[in-house]
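Each remark here refers to the structure printed beneath this line.
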Amino acid sequence: RLGDLESRLGDVEGARRRYAEALKLFESGQDNLGRANTLQSLGDLESRLGDVEGARRRYMEALKLYESEQANLGRANTLLSLGDLERRLGDVEGARRRYMEALKLYESEQFNLGRANTLRSLGDLEIGSDAEKAVELYRQALPLYEAEQEPNGLAQTVVRLAVIFKATKEDAAAHDLAAVARDAAKKSSEPPLIEWVEGTLRGVGL
Numbered sequence: 046r047l048g049d050l051e052s053r054l055g056d057v058e059g060a061r062r063r064y065a066e067a068l069k070l071f072e073s074g075q076d077n078l079g080r081a082n083t084l085q086s087l088g089d090l091e092s093r094l095g096d097v098e099g100a101r102r103r104y105m106e107a108l109k110l111y112e113s114e115q116a117n118l119g120r121a122n123t124l125l126s127l128g129d130l131e132r133r134l135g136d137v138e139g140a141r142r143r144y145m146e147a148l149k150l151y152e153s154e155q156f157n158l159g160r161a162n163t164l165r166s167l168g169d170l171e172i173g174s175d176a177e178k179a180v181e182l183y184r185q186a187l188p189l190y191e192a193e194q195e196p197n198g199l200a201q202t203v204v205r206l207a208v209i210f211k212a213t214k215e216d217a218a219a220h221d222l223a224a225v226a227r228d229a230a231k232k233s234s235e236p237p238l239i240e241w242v243e244g245t246l247r248g249v250g251l
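Add 45 to the 1-based position in the sequence shown for my numbering, that's all there is to it.
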């Protein structure tokens, strides 16, 4: 937890030290789940720093441990992270495979927030090539975010829909969606999200 805090505060080296300490303790206690969680966090850190191969190694190590412990949520979270990594590298099919694996696990565990995040990521894969498919996936994610009362995910998904509708000249629907996105962002009380929503909507004339 201290490592996660250091990471959020931007202290990369501090976070790395905390995770390394935690990893040694989990290894000495033969706690595979704790090791997997720490490796997942290290993978996230490497990913944010742009070390793609380092992140992939951490995620793959974590995935094996989650599989050995039959920890489906941990597996799903790691697969989602791997999918994000593949998407950044431009491997659309690789990303889709990871996302679909994650989605099945989230569904088996009835974890709605994970399902919503994965559906949104799948929509992001389609947005440049099949806007209709992207809209369908985003619409599947929305009720899940609403059920979980998760304004952050709701705002991000609705913004994507608003941008698509604006591009397809459905101005009335786009403006309605923009209002929903702004309201959800305000409810999140997260300044970076509010700024991102406003900037994105203004960028397309909303």
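Even for Gly, the Cβ is constructed at its ideal location relative to N, Cα and C.
Beta-carbon separation (whole angstroms), residue i vs residue j, contact threshold 8 Å
| i | j | result |
| --- | --- | --- |
| R132 | A140 | 4 Å |
| V204 | T245 | 5 Å |
| L78 | A107 | Between A107 and L78 the Cβ distance is about 10 Å, and since that is not below 8 Å, they are no contact. |
| Y104 | G88 | 4 Å |
| L158 | E195 | 6 Å |
| A161 | L189 | 4 Å |
| T191 | L182 | The residue asked about is misnamed: residue 191 is Glu in this sequence, not Thr. Rounded, the Cβ-Cβ distance is 16 Å, inconsistent with contact. |
| R101 | L130 | 6 Å |
| L148 | V97 | Actually they are not in contact, since the Cβ atoms of L148 and V97 sit about 23 Å apart, beyond 8 Å. |
Residues of its chain near residue i, where Cβ-Cβ distance is below 7 Å and the 5 sequence neighbours each way are ignored
| i | result |
| --- | --- |
| S153 | N117 |
| Y111 | A81, G119, R120, T123 |
| F156 | L118 |
| F210 | A218, A219, L222 |
| T83 | Y64, A67, L68, F71 |
| R227 | V242 |
| E91 | G99, A100, R103 |
| G48 | A60, R63, Y64, A67, S86 |
Start and end residues, alpha helix (DSSP H) containing residue i
| i | result |
| --- | --- |
| F71 | 57-73 |
| Q115 | From DSSP, Q115 is part of no alpha helix (DSSP H); its letter is neither H nor E. |
| V203 | 196-212 |
| Q85 | 77-93 |
| E177 | 176-192 |
| R141 | 137-153 |
| S52 | 47-53 |
| E171 | 157-171 |
| L246 | 236-248 |
| D96 | Unbroken run through D96: none, as it is neither H nor E. |
| L134 | Note, L134: premise wrong, no alpha helix (DSSP H); not H, not E. |
| L222 | 216-233 |
Close beta carbons around residue i, own chain, < 8 Å, minus the five adjacent residues each side
| i | result |
| --- | --- |
| E72 | R80 |
When the options are compared against residue i, the one with the closest alpha-carbon
| i | options | result |
| --- | --- | --- |
| L222 | G74, L238, V242 | V242 |
| D136 | G48, R165, E171 | E171 |
| E177 | L189, N197, L199, V208 | V208 |
| L142 | Y151, L134, L125 | With the sequence shown as reference, residue 142 is identified as Arg, and Leu is not the correct amino acid for it. With distances taken between Cα atoms, R142 lies closest to L125. |
| S166 | E138, R62, A192 | E138 |
| Q201 | S174, A230, L148 | A230 |
| S86 | E240, Q75, G99 | G99 |
| Q75 | E114, L94, S52 | E114 |
| G173 | M145, A186, A212, E193 | A212 |
| G95 | V225, E51, V57 | V57 |
| L251 | P236, R61, V180, V225 | V225 |
| R184 | N197, G168, E193, D175 | G168 |
Cβ shell of residue i (< 6 Å), same chain only, five flanking positions each side left out
| i | result |
| --- | --- |
| V249 | V208, K211 |
| L150 | N117, R120, A121 |
| G186 | Gly is not the amino acid found at residue 186; the sequence shown has Ala there. Excluding residues within five positions, the ones whose Cβ falls inside 6 Å are A161, L164, R165, T202. |
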